[in-house]
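Numbering (my numbering), first residue to last: 1 to 547.
Here it is, written out as C-alpha coordinates:
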(Lines of atoms letter the chains of each structure in order from A and count residues from 1; the text may use other names and numbers.)
(Lines give C-alpha, C1' and ligand atoms only; values in the text may rest on other atoms or scores of the structure.)
Protein backbone atom coordinates (compact mmCIF):
# COMPACT_ATOMS: atom_id res chain seq x y z
CA UNK A 1 0.00 0.00 0.00
CA UNK A 2 1.37 3.41 -0.93
CA UNK A 3 1.54 6.25 1.58
CA UNK A 4 -1.28 7.98 -0.28
CA UNK A 5 -3.49 4.89 -0.09
CA UNK A 6 -2.68 4.55 3.61
CA UNK A 7 -3.59 8.20 4.14
CA UNK A 8 -6.88 7.80 2.30
CA UNK A 9 -7.74 4.74 4.42
CA UNK A 10 -6.86 6.73 7.54
CA UNK A 11 -9.07 9.65 6.50
CA UNK A 12 -11.98 7.26 5.98
CA UNK A 13 -11.96 6.19 9.63
CA UNK A 14 -10.80 9.44 11.29
CA UNK A 15 -13.52 11.12 13.44
CA UNK A 16 -11.46 14.32 13.83
CA UNK A 17 -12.11 17.19 11.39
CA UNK A 18 -8.69 18.74 12.07
CA UNK A 19 -6.56 15.69 11.31
CA UNK A 20 -8.73 14.69 8.33
CA UNK A 21 -8.14 18.14 6.85
CA UNK A 22 -4.42 17.89 7.64
CA UNK A 23 -4.06 14.64 5.71
CA UNK A 24 -6.30 15.71 2.86
CA UNK A 25 -4.07 18.72 2.26
CA UNK A 26 -1.00 16.45 2.18
CA UNK A 27 -2.22 13.71 -0.19
CA UNK A 28 0.13 14.86 -2.94
CA UNK A 29 3.09 15.44 -0.59
CA UNK A 30 4.91 12.09 -0.48
CA UNK A 31 7.58 13.31 1.94
CA UNK A 32 5.04 14.64 4.44
CA UNK A 33 3.01 11.45 4.23
CA UNK A 34 6.13 9.37 4.77
CA UNK A 35 6.84 11.28 8.00
CA UNK A 36 3.39 10.29 9.28
CA UNK A 37 3.08 6.74 7.92
CA UNK A 38 6.59 5.28 7.70
CA UNK A 39 6.49 4.28 11.38
CA UNK A 40 3.97 3.89 14.16
CA UNK A 41 3.98 5.04 17.77
CA UNK A 42 4.30 1.94 19.93
CA UNK A 43 4.04 1.29 23.63
CA UNK A 44 7.25 2.35 25.34
CA UNK A 45 8.34 3.74 28.72
CA UNK A 46 4.89 5.10 29.55
CA UNK A 47 2.44 3.69 27.01
CA UNK A 48 2.19 6.03 24.01
CA UNK A 49 3.75 9.46 23.69
CA UNK A 50 4.40 11.66 20.69
CA UNK A 51 3.60 14.75 18.66
CA UNK A 52 -0.03 15.55 17.91
CA UNK A 53 -1.01 15.14 14.26
CA UNK A 54 -2.49 12.79 11.70
CA UNK A 55 -1.26 9.29 10.92
CA UNK A 56 0.10 6.35 12.91
CA UNK A 57 3.34 8.19 13.68
CA UNK A 58 1.47 10.89 15.62
CA UNK A 59 -0.93 11.15 18.57
CA UNK A 60 -4.52 11.50 17.33
CA UNK A 61 -8.04 10.17 17.82
CA UNK A 62 -7.56 7.21 15.48
CA UNK A 63 -4.41 6.03 17.25
CA UNK A 64 -6.02 6.54 20.68
CA UNK A 65 -9.17 4.68 19.62
CA UNK A 66 -7.06 1.78 18.38
CA UNK A 67 -5.10 1.81 21.65
CA UNK A 68 -8.31 1.78 23.69
CA UNK A 69 -9.80 -1.07 21.65
CA UNK A 70 -6.61 -3.11 21.78
CA UNK A 71 -6.17 -2.56 25.50
CA UNK A 72 -9.81 -3.51 26.10
CA UNK A 73 -9.38 -6.71 24.10
CA UNK A 74 -6.25 -7.58 26.07
CA UNK A 75 -8.01 -6.98 29.39
CA UNK A 76 -11.06 -9.04 28.40
CA UNK A 77 -8.85 -11.93 27.27
CA UNK A 78 -7.72 -12.29 30.89
CA UNK A 79 -11.26 -13.33 31.82
CA UNK A 80 -13.64 -12.16 34.53
CA UNK A 81 -15.02 -8.67 35.05
CA UNK A 82 -12.65 -5.98 33.82
CA UNK A 83 -12.75 -2.31 34.72
CA UNK A 84 -10.77 0.81 33.90
CA UNK A 85 -10.54 4.31 35.35
CA UNK A 86 -9.52 7.13 33.01
CA UNK A 87 -8.01 10.52 33.71
CA UNK A 88 -6.62 13.36 31.63
CA UNK A 89 -4.57 16.55 31.95
CA UNK A 90 -4.93 20.00 30.37
CA UNK A 91 -3.11 19.40 27.09
CA UNK A 92 -4.68 19.80 23.68
CA UNK A 93 -7.04 16.88 22.93
CA UNK A 94 -6.53 15.25 26.34
CA UNK A 95 -10.23 15.43 27.21
CA UNK A 96 -11.44 14.05 23.88
CA UNK A 97 -8.84 11.26 23.95
CA UNK A 98 -10.09 10.32 27.43
CA UNK A 99 -13.74 10.41 26.34
CA UNK A 100 -12.98 8.27 23.29
CA UNK A 101 -11.25 5.77 25.56
CA UNK A 102 -14.21 5.64 27.95
CA UNK A 103 -16.72 5.12 25.14
CA UNK A 104 -14.70 2.43 23.38
CA UNK A 105 -13.81 0.59 26.60
CA UNK A 106 -17.45 0.63 27.72
CA UNK A 107 -18.59 -0.44 24.26
CA UNK A 108 -16.19 -3.37 24.34
CA UNK A 109 -17.47 -4.57 27.70
CA UNK A 110 -14.91 -3.08 30.08
CA UNK A 111 -16.61 -1.10 32.86
CA UNK A 112 -15.22 2.40 32.40
CA UNK A 113 -15.04 5.27 34.89
CA UNK A 114 -14.01 8.71 33.66
CA UNK A 115 -12.94 11.70 35.73
CA UNK A 116 -15.12 14.71 34.95
CA UNK A 117 -12.27 17.23 34.83
CA UNK A 118 -8.54 17.50 34.26
CA UNK A 119 -6.57 16.21 37.25
CA UNK A 120 -2.97 15.29 38.14
CA UNK A 121 -1.54 11.95 37.09
CA UNK A 122 -1.04 10.88 40.76
CA UNK A 123 -4.81 11.15 41.33
CA UNK A 124 -5.44 8.72 38.49
CA UNK A 125 -2.73 6.36 39.74
CA UNK A 126 -4.31 6.55 43.20
CA UNK A 127 -7.78 5.86 41.77
CA UNK A 128 -6.65 2.56 40.22
CA UNK A 129 -5.86 1.24 43.69
CA UNK A 130 -8.65 3.07 45.52
CA UNK A 131 -11.37 1.78 43.18
CA UNK A 132 -9.76 -1.68 42.81
CA UNK A 133 -9.87 -1.17 39.04
CA UNK A 134 -8.34 -3.68 36.64
CA UNK A 135 -6.54 -0.89 34.83
CA UNK A 136 -6.05 2.82 34.48
CA UNK A 137 -5.40 5.18 31.58
CA UNK A 138 -3.97 8.68 31.99
CA UNK A 139 -3.95 10.95 28.95
CA UNK A 140 -0.87 13.12 29.47
CA UNK A 141 2.52 13.93 28.01
CA UNK A 142 3.78 15.03 31.42
CA UNK A 143 6.62 17.53 30.90
CA UNK A 144 7.06 17.00 27.13
CA UNK A 145 6.88 19.93 24.68
CA UNK A 146 3.51 21.57 24.01
CA UNK A 147 3.06 19.78 20.67
CA UNK A 148 3.00 16.35 22.36
CA UNK A 149 0.42 14.21 24.08
CA UNK A 150 0.49 10.73 25.51
CA UNK A 151 -1.35 7.71 26.87
CA UNK A 152 -0.05 6.19 30.10
CA UNK A 153 -1.38 2.78 31.15
CA UNK A 154 -1.59 1.23 34.63
CA UNK A 155 -2.63 -2.24 35.79
CA UNK A 156 -4.46 -3.05 39.01
CA UNK A 157 -4.87 -6.36 40.78
CA UNK A 158 -1.62 -8.30 41.05
CA UNK A 159 0.24 -5.31 39.51
CA UNK A 160 -0.95 -3.06 42.34
CA UNK A 161 -1.61 0.03 40.23
CA UNK A 162 1.84 0.22 38.63
CA UNK A 163 2.53 1.16 35.02
CA UNK A 164 2.73 -1.61 32.44
CA UNK A 165 5.97 -3.51 31.88
CA UNK A 166 7.06 -6.27 29.53
CA UNK A 167 5.52 -8.52 28.32
CA UNK A 168 2.21 -6.69 28.77
CA UNK A 169 3.33 -3.77 26.61
CA UNK A 170 4.13 -6.00 23.62
CA UNK A 171 0.93 -8.02 24.10
CA UNK A 172 -1.18 -4.87 24.20
CA UNK A 173 0.60 -3.56 21.11
CA UNK A 174 -0.23 -6.79 19.26
CA UNK A 175 -3.87 -6.45 20.29
CA UNK A 176 -3.91 -2.85 19.05
CA UNK A 177 -2.60 -3.89 15.64
CA UNK A 178 -5.40 -6.48 15.40
CA UNK A 179 -8.24 -4.01 15.99
CA UNK A 180 -10.99 -3.31 13.48
CA UNK A 181 -11.16 0.06 11.70
CA UNK A 182 -12.05 2.80 14.15
CA UNK A 183 -15.30 3.55 12.33
CA UNK A 184 -16.47 -0.01 13.08
CA UNK A 185 -15.68 -0.01 16.83
CA UNK A 186 -18.63 -0.21 19.18
CA UNK A 187 -19.02 2.79 21.48
CA UNK A 188 -21.14 3.38 24.55
CA UNK A 189 -21.80 6.52 26.59
CA UNK A 190 -22.99 4.44 29.56
CA UNK A 191 -19.65 4.77 31.32
CA UNK A 192 -19.54 6.14 34.90
CA UNK A 193 -18.13 9.42 36.14
CA UNK A 194 -15.71 9.18 39.04
CA UNK A 195 -17.23 10.27 42.34
CA UNK A 196 -15.76 13.32 44.04
CA UNK A 197 -14.98 11.01 46.94
CA UNK A 198 -12.00 9.67 44.98
CA UNK A 199 -10.32 13.07 44.84
CA UNK A 200 -11.26 13.77 48.46
CA UNK A 201 -9.68 10.49 49.56
CA UNK A 202 -6.49 11.34 47.69
CA UNK A 203 -6.41 14.78 49.32
CA UNK A 204 -6.97 13.51 52.86
CA UNK A 205 -4.46 10.67 52.60
CA UNK A 206 -1.83 12.95 51.09
CA UNK A 207 -2.37 15.64 53.71
CA UNK A 208 -1.88 13.02 56.42
CA UNK A 209 1.77 12.74 55.41
CA UNK A 210 2.45 15.91 57.38
CA UNK A 211 3.24 14.87 60.94
CA UNK A 212 4.62 18.12 62.35
CA UNK A 213 2.66 21.08 63.70
CA UNK A 214 5.56 23.47 63.08
CA UNK A 215 4.48 26.42 60.91
CA UNK A 216 5.42 26.00 57.26
CA UNK A 217 7.79 28.53 55.72
CA UNK A 218 6.48 31.07 53.24
CA UNK A 219 6.70 29.43 49.83
CA UNK A 220 6.02 30.11 46.17
CA UNK A 221 4.12 27.56 44.09
CA UNK A 222 3.90 27.07 40.34
CA UNK A 223 1.87 24.53 38.39
CA UNK A 224 3.94 25.14 35.23
CA UNK A 225 0.75 25.75 33.18
CA UNK A 226 -0.49 22.33 34.27
CA UNK A 227 -3.24 20.74 36.35
CA UNK A 228 -1.57 20.54 39.75
CA UNK A 229 -2.84 23.62 41.53
CA UNK A 230 -6.45 22.82 42.46
CA UNK A 231 -5.47 19.46 43.97
CA UNK A 232 -2.32 20.83 45.58
CA UNK A 233 -4.33 23.73 47.01
CA UNK A 234 -6.73 21.33 48.70
CA UNK A 235 -3.87 19.19 50.02
CA UNK A 236 -1.91 22.17 51.39
CA UNK A 237 -5.02 23.45 53.15
CA UNK A 238 -5.89 20.05 54.64
CA UNK A 239 -2.30 19.60 55.80
CA UNK A 240 -2.17 23.00 57.45
CA UNK A 241 0.61 24.21 55.19
CA UNK A 242 -1.05 27.52 54.43
CA UNK A 243 -1.55 29.33 51.13
CA UNK A 244 1.53 29.78 48.95
CA UNK A 245 2.34 32.78 46.82
CA UNK A 246 1.29 31.77 43.32
CA UNK A 247 3.03 32.31 40.00
CA UNK A 248 -0.14 33.69 38.44
CA UNK A 249 1.11 33.40 34.86
CA UNK A 250 1.56 29.63 35.25
CA UNK A 251 -1.14 28.61 37.70
CA UNK A 252 -3.98 27.66 35.31
CA UNK A 253 -3.77 24.91 32.67
CA UNK A 254 -2.63 26.23 29.29
CA UNK A 255 -1.71 23.67 26.58
CA UNK A 256 0.49 26.23 24.80
CA UNK A 257 2.81 26.68 27.83
CA UNK A 258 3.45 30.31 26.86
CA UNK A 259 6.02 31.29 29.50
CA UNK A 260 8.47 28.37 29.14
CA UNK A 261 10.44 26.91 26.26
CA UNK A 262 9.80 23.43 27.69
CA UNK A 263 7.30 22.77 30.52
CA UNK A 264 9.86 20.86 32.55
CA UNK A 265 11.12 22.26 35.88
CA UNK A 266 14.52 20.75 35.10
CA UNK A 267 14.99 22.93 32.01
CA UNK A 268 17.01 26.11 32.11
CA UNK A 269 14.76 29.12 32.74
CA UNK A 270 11.64 27.14 33.64
CA UNK A 271 11.67 28.48 37.22
CA UNK A 272 12.60 32.07 36.36
CA UNK A 273 9.15 33.46 37.15
CA UNK A 274 9.01 31.47 40.40
CA UNK A 275 12.39 32.74 41.55
CA UNK A 276 11.53 36.33 40.66
CA UNK A 277 8.33 36.10 42.70
CA UNK A 278 10.16 34.45 45.61
CA UNK A 279 12.62 37.33 45.70
CA UNK A 280 9.80 39.87 45.46
CA UNK A 281 7.72 38.48 48.33
CA UNK A 282 10.57 37.29 50.54
CA UNK A 283 9.68 33.61 50.29
CA UNK A 284 11.78 30.93 51.96
CA UNK A 285 11.16 28.14 49.46
CA UNK A 286 10.00 27.54 45.87
CA UNK A 287 7.81 24.52 45.11
CA UNK A 288 7.12 23.58 41.48
CA UNK A 289 5.13 20.76 39.93
CA UNK A 290 5.43 19.78 36.29
CA UNK A 291 2.26 19.98 34.13
CA UNK A 292 0.72 16.70 35.33
CA UNK A 293 2.07 17.13 38.88
CA UNK A 294 3.87 13.83 39.14
CA UNK A 295 7.23 15.60 39.51
CA UNK A 296 8.49 18.07 42.10
CA UNK A 297 11.17 20.74 41.85
CA UNK A 298 12.49 22.66 44.84
CA UNK A 299 14.55 25.86 45.02
CA UNK A 300 16.10 27.25 48.19
CA UNK A 301 17.71 30.61 49.03
CA UNK A 302 21.50 30.65 49.04
CA UNK A 303 24.02 33.49 49.34
CA UNK A 304 21.48 36.18 48.54
CA UNK A 305 20.15 34.28 45.53
CA UNK A 306 18.33 31.05 44.77
CA UNK A 307 19.38 27.54 43.77
CA UNK A 308 17.24 24.74 42.40
CA UNK A 309 18.02 21.50 44.18
CA UNK A 310 18.75 18.60 41.89
CA UNK A 311 16.51 15.55 41.86
CA UNK A 312 19.27 13.64 43.60
CA UNK A 313 19.52 16.25 46.38
CA UNK A 314 15.77 16.23 47.03
CA UNK A 315 15.62 12.45 46.63
CA UNK A 316 18.41 11.91 49.13
CA UNK A 317 16.92 14.25 51.73
CA UNK A 318 13.49 12.64 51.42
CA UNK A 319 15.17 9.22 51.56
CA UNK A 320 16.79 10.20 54.85
CA UNK A 321 13.34 11.18 56.15
CA UNK A 322 11.89 7.87 55.01
CA UNK A 323 14.65 5.97 56.82
CA UNK A 324 14.05 7.99 59.98
CA UNK A 325 10.34 7.22 59.80
CA UNK A 326 11.07 3.51 59.53
CA UNK A 327 13.50 3.77 62.42
CA UNK A 328 10.84 5.48 64.52
CA UNK A 329 8.30 2.81 63.60
CA UNK A 330 10.74 0.17 64.76
CA UNK A 331 11.12 1.93 68.10
CA UNK A 332 7.38 2.32 68.61
CA UNK A 333 6.49 -1.08 67.09
CA UNK A 334 4.07 0.58 64.68
CA UNK A 335 5.93 -0.28 61.49
CA UNK A 336 5.18 -2.84 58.83
CA UNK A 337 7.81 -5.54 58.59
CA UNK A 338 7.13 -5.96 54.88
CA UNK A 339 7.98 -2.30 54.09
CA UNK A 340 11.73 -2.15 54.60
CA UNK A 341 13.10 -1.32 51.16
CA UNK A 342 14.46 1.88 49.63
CA UNK A 343 14.73 1.92 45.84
CA UNK A 344 16.11 4.16 43.12
CA UNK A 345 16.78 3.96 39.40
CA UNK A 346 20.32 3.03 38.43
CA UNK A 347 20.95 6.56 37.08
CA UNK A 348 20.09 8.12 40.44
CA UNK A 349 22.68 8.97 43.10
CA UNK A 350 24.27 6.13 45.09
CA UNK A 351 23.45 8.17 48.21
CA UNK A 352 20.21 6.28 48.84
CA UNK A 353 22.09 3.00 48.96
CA UNK A 354 24.32 4.42 51.69
CA UNK A 355 21.27 5.65 53.62
CA UNK A 356 19.81 2.15 53.47
CA UNK A 357 23.10 0.66 54.67
CA UNK A 358 23.34 3.05 57.61
CA UNK A 359 19.77 2.27 58.71
CA UNK A 360 20.00 -1.48 58.04
CA UNK A 361 17.35 -1.30 55.33
CA UNK A 362 17.13 -3.19 52.06
CA UNK A 363 18.08 -1.34 48.90
CA UNK A 364 17.10 -2.13 45.30
CA UNK A 365 18.39 -0.50 42.13
CA UNK A 366 16.12 -0.64 39.07
CA UNK A 367 16.07 0.36 35.44
CA UNK A 368 14.98 3.92 34.76
CA UNK A 369 11.29 4.61 35.25
CA UNK A 370 8.73 4.31 38.01
CA UNK A 371 7.16 1.32 36.32
CA UNK A 372 10.16 -0.53 37.77
CA UNK A 373 10.63 1.32 41.05
CA UNK A 374 6.96 0.94 42.01
CA UNK A 375 7.17 -2.85 41.66
CA UNK A 376 9.98 -3.34 44.16
CA UNK A 377 8.90 -5.68 46.95
CA UNK A 378 8.55 -4.17 50.41
CA UNK A 379 8.90 -0.65 49.03
CA UNK A 380 8.93 2.11 51.66
CA UNK A 381 10.38 4.89 49.50
CA UNK A 382 11.60 5.27 45.94
CA UNK A 383 12.90 8.00 43.72
CA UNK A 384 14.56 8.79 40.41
CA UNK A 385 16.80 11.76 39.69
CA UNK A 386 14.37 13.22 37.12
CA UNK A 387 12.42 14.90 39.96
CA UNK A 388 10.28 11.84 40.68
CA UNK A 389 9.59 10.72 44.27
CA UNK A 390 7.31 8.13 45.85
CA UNK A 391 7.01 8.85 49.56
CA UNK A 392 3.81 6.89 50.30
CA UNK A 393 3.69 3.65 48.27
CA UNK A 394 0.74 2.25 50.21
CA UNK A 395 -1.40 5.02 48.65
CA UNK A 396 -0.08 5.27 45.09
CA UNK A 397 2.37 3.30 42.95
CA UNK A 398 3.84 6.03 40.82
CA UNK A 399 5.84 9.17 41.40
CA UNK A 400 3.75 11.88 43.05
CA UNK A 401 4.83 15.51 43.05
CA UNK A 402 2.11 16.62 45.46
CA UNK A 403 2.81 13.99 48.12
CA UNK A 404 6.52 14.76 47.82
CA UNK A 405 5.78 18.48 48.21
CA UNK A 406 3.98 17.82 51.50
CA UNK A 407 6.91 15.76 52.78
CA UNK A 408 9.47 18.37 51.74
CA UNK A 409 7.43 21.24 53.19
CA UNK A 410 7.24 19.29 56.44
CA UNK A 411 11.03 19.03 56.41
CA UNK A 412 11.30 22.77 55.75
CA UNK A 413 8.95 23.49 58.66
CA UNK A 414 11.00 21.32 61.00
CA UNK A 415 14.27 22.96 59.95
CA UNK A 416 12.79 26.42 60.39
CA UNK A 417 11.50 25.56 63.85
CA UNK A 418 14.96 24.28 64.79
CA UNK A 419 16.67 27.39 63.40
CA UNK A 420 18.55 25.28 60.83
CA UNK A 421 19.14 26.23 57.21
CA UNK A 422 19.08 23.87 54.24
CA UNK A 423 22.83 24.38 53.86
CA UNK A 424 23.36 23.24 57.44
CA UNK A 425 21.03 20.28 56.92
CA UNK A 426 22.94 19.26 53.79
CA UNK A 427 26.21 19.50 55.72
CA UNK A 428 24.74 17.21 58.37
CA UNK A 429 23.81 14.76 55.62
CA UNK A 430 27.34 14.91 54.17
CA UNK A 431 28.81 14.30 57.60
CA UNK A 432 26.60 11.28 58.25
CA UNK A 433 26.48 9.60 54.84
CA UNK A 434 29.22 11.23 52.74
CA UNK A 435 28.98 14.02 50.19
CA UNK A 436 27.37 13.11 46.88
CA UNK A 437 27.47 15.40 43.84
CA UNK A 438 25.88 14.89 40.46
CA UNK A 439 25.47 16.51 37.06
CA UNK A 440 23.54 15.70 33.92
CA UNK A 441 24.14 16.38 30.25
CA UNK A 442 21.11 16.29 27.94
CA UNK A 443 21.70 16.49 24.22
CA UNK A 444 18.44 17.11 22.34
CA UNK A 445 18.43 15.85 18.73
CA UNK A 446 16.15 16.16 15.73
CA UNK A 447 17.45 12.93 14.17
CA UNK A 448 17.09 9.96 16.52
CA UNK A 449 19.75 8.10 14.54
CA UNK A 450 22.32 10.48 16.03
CA UNK A 451 21.72 8.97 19.46
CA UNK A 452 22.30 5.44 18.22
CA UNK A 453 25.43 6.55 16.38
CA UNK A 454 26.89 8.05 19.54
CA UNK A 455 26.16 4.91 21.57
CA UNK A 456 27.73 2.76 18.83
CA UNK A 457 30.82 4.96 18.78
CA UNK A 458 31.28 4.71 22.55
CA UNK A 459 31.01 0.92 22.36
CA UNK A 460 33.40 0.64 19.44
CA UNK A 461 35.99 3.00 20.96
CA UNK A 462 35.40 3.22 24.72
CA UNK A 463 37.40 5.85 26.60
CA UNK A 464 40.26 4.70 28.81
CA UNK A 465 40.18 7.96 30.72
CA UNK A 466 37.99 11.01 31.23
CA UNK A 467 40.19 14.03 31.72
CA UNK A 468 42.70 13.04 34.39
CA UNK A 469 40.51 10.22 35.74
CA UNK A 470 41.13 6.67 34.54
CA UNK A 471 38.12 4.56 33.58
CA UNK A 472 38.40 1.47 35.78
CA UNK A 473 35.70 -0.61 34.09
CA UNK A 474 32.64 -0.36 31.84
CA UNK A 475 29.31 -2.15 32.23
CA UNK A 476 27.42 -2.61 28.96
CA UNK A 477 23.72 -3.41 29.39
CA UNK A 478 22.98 -3.97 25.69
CA UNK A 479 22.63 -7.74 26.12
CA UNK A 480 21.57 -7.56 29.76
CA UNK A 481 23.75 -7.01 32.78
CA UNK A 482 23.57 -8.78 36.15
CA UNK A 483 19.84 -8.93 36.96
CA UNK A 484 18.95 -6.17 34.47
CA UNK A 485 17.31 -6.98 31.13
CA UNK A 486 18.87 -5.85 27.85
CA UNK A 487 18.98 -2.04 27.73
CA UNK A 488 20.88 0.53 25.71
CA UNK A 489 22.99 1.72 28.66
CA UNK A 490 26.70 2.17 29.28
CA UNK A 491 28.05 2.63 32.83
CA UNK A 492 31.63 3.76 33.33
CA UNK A 493 33.25 3.35 36.73
CA UNK A 494 35.88 5.94 37.70
CA UNK A 495 37.89 4.29 40.46
CA UNK A 496 35.86 3.95 43.65
CA UNK A 497 34.63 7.55 43.83
CA UNK A 498 32.66 8.23 40.65
CA UNK A 499 30.65 6.82 37.77
CA UNK A 500 29.21 8.00 34.46
CA UNK A 501 26.10 6.53 32.79
CA UNK A 502 25.09 7.16 29.16
CA UNK A 503 21.68 6.25 27.73
CA UNK A 504 18.97 7.48 25.36
CA UNK A 505 15.97 9.12 27.00
CA UNK A 506 12.89 6.91 27.08
CA UNK A 507 10.41 9.76 26.59
CA UNK A 508 12.19 12.51 24.65
CA UNK A 509 14.61 12.76 21.69
CA UNK A 510 17.65 13.17 23.93
CA UNK A 511 20.92 11.49 24.74
CA UNK A 512 21.43 11.66 28.50
CA UNK A 513 24.64 11.49 30.50
CA UNK A 514 24.53 11.09 34.29
CA UNK A 515 27.61 11.91 36.36
CA UNK A 516 27.96 11.05 40.05
CA UNK A 517 30.88 11.39 42.46
CA UNK A 518 31.15 10.93 46.20
CA UNK A 519 33.58 11.48 49.04
CA UNK A 520 33.65 10.21 52.62
CA UNK A 521 37.05 11.63 53.63
CA UNK A 522 37.63 14.76 55.68
CA UNK A 523 35.14 17.25 57.04
CA UNK A 524 31.71 17.77 55.52
CA UNK A 525 33.00 20.82 53.66
CA UNK A 526 36.05 18.93 52.35
CA UNK A 527 33.88 16.02 51.23
CA UNK A 528 31.53 18.36 49.40
CA UNK A 529 34.39 20.19 47.66
CA UNK A 530 36.03 16.94 46.54
CA UNK A 531 32.83 15.42 45.13
CA UNK A 532 31.84 18.60 43.29
CA UNK A 533 35.34 19.05 41.83
CA UNK A 534 35.34 15.53 40.44
CA UNK A 535 31.87 15.97 38.94
CA UNK A 536 32.93 19.23 37.27
CA UNK A 537 36.00 17.56 35.73
CA UNK A 538 34.00 14.58 34.47
CA UNK A 539 31.29 16.87 33.10
CA UNK A 540 33.83 18.76 31.00
CA UNK A 541 35.38 15.53 29.73
CA UNK A 542 32.03 13.96 28.80
CA UNK A 543 30.84 17.08 26.95
CA UNK A 544 33.93 16.81 24.77
CA UNK A 545 33.42 13.07 24.27
CA UNK A 546 29.74 13.10 23.21
CA UNK A 547 29.54 16.45 21.40
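The beta carbon of each residue, even a glycine, is placed where N, CA and C say it ideally should be.
When secondary structure is reduced to three states using DSSP, residue 542 falls in the helix class. For residue 247, the three-state secondary structure derived from DSSP is coil. Here DSSP, grouped into helix, strand and coil, assigns residue 435 to strand.
Residue 281 sits away from residue 297, with the two beta carbons spaced by 9 Å or more. The three-state secondary structure of residue 162, taken from DSSP, is strand. Spanning the alpha carbons of residue 90 and residue 137 requires a straight line of approximately 15 Å. Residue 440 has 514 as its beta-bridge partners, per DSSP. The Cβ neighbour count for residue 215, taken over all protein chains shown within 10 Å, is under 16; the residue is labelled exposed. Judged by DSSP in its simplified three-state form, residue 115 adopts coil rather than helix or strand. In the assembly as shown, residue 266 is a buried residue. Its beta-carbon has 16 or more other beta-carbons within 10 Å. Beta-bridge partners assigned by DSSP to residue 465: 470.
The closest CA to that of residue 292, considering only 273, 269 and 251, is found on 251. Around residue 285, the same chain offers 217, 219 and 412 as residues with beta carbons nearer than 6 Å, after the five sequence neighbours per side are excluded. Here DSSP, grouped into helix, strand and coil, assigns residue 192 to strand. The C-beta of residue 432 has fewer than 16 other C-beta atoms within 10 Å across all chains shown, which makes the residue exposed. In the three-state scheme derived from DSSP, where H, G and I count as helix and E and B as strand, residue 144 is classed as coil. By the Cβ rule, the segment 29-47 counts as touching the segment 4-12, because three or more pairs are nearer than 8 Å.
Every unbroken stretch of the alpha helix (DSSP H) spanning 4 or more residues and falling wholly within the segment 239-283 is given here in chain order: 272-281. Beta-bridge partners of residue 484 (DSSP): 481. If you keep only unbroken alpha helix (DSSP H) runs of at least 4 residues inside the segment 79-117, you get 94-108. Here DSSP, grouped into helix, strand and coil, assigns residue 429 to helix. Under the three-state reduction of DSSP output, residue 219 falls in the strand class. Residue burial annotation: residue 132 is exposed, with fewer than 16 other C-beta atoms found within 10 angstroms of its C-beta.
Note that the C-beta distance between residue 139 and residue 152 is below 9 Å.
In the assembly as shown, residue 224 is a buried residue. Its beta-carbon has 16 or more other beta-carbons within 10 Å. Cβ-Cβ distances below 6 Å link residue 346 to 365 in the same chain, with the five nearest sequence neighbours on each side left out; the list follows chain order. Residue 47 has its alpha-carbon roughly 13 Å from the corresponding atom of residue 174. Closest by C-alpha distance to residue 2, out of 70, 31, 14 and 25, is 31. Residue 302 places its beta carbon 9 Å or farther from that of residue 387. Under the three-state reduction of DSSP, residue 345 is assigned to strand. Nearest Cα to residue 472 within the set 492, 274, 159 and 527: 492. Between residue 419 and residue 339, the alpha-carbon positions lie close to 32 Å from each other. Here DSSP, grouped into helix, strand and coil, assigns residue 403 to helix.
The beta carbons of residue 96 and residue 114 sit no closer together than 9 Å. According to DSSP, residue 301 shares a beta bridge with 306.
In the DSSP assignment, residue 454 falls within the alpha helix (DSSP H) that extends over 449-460.
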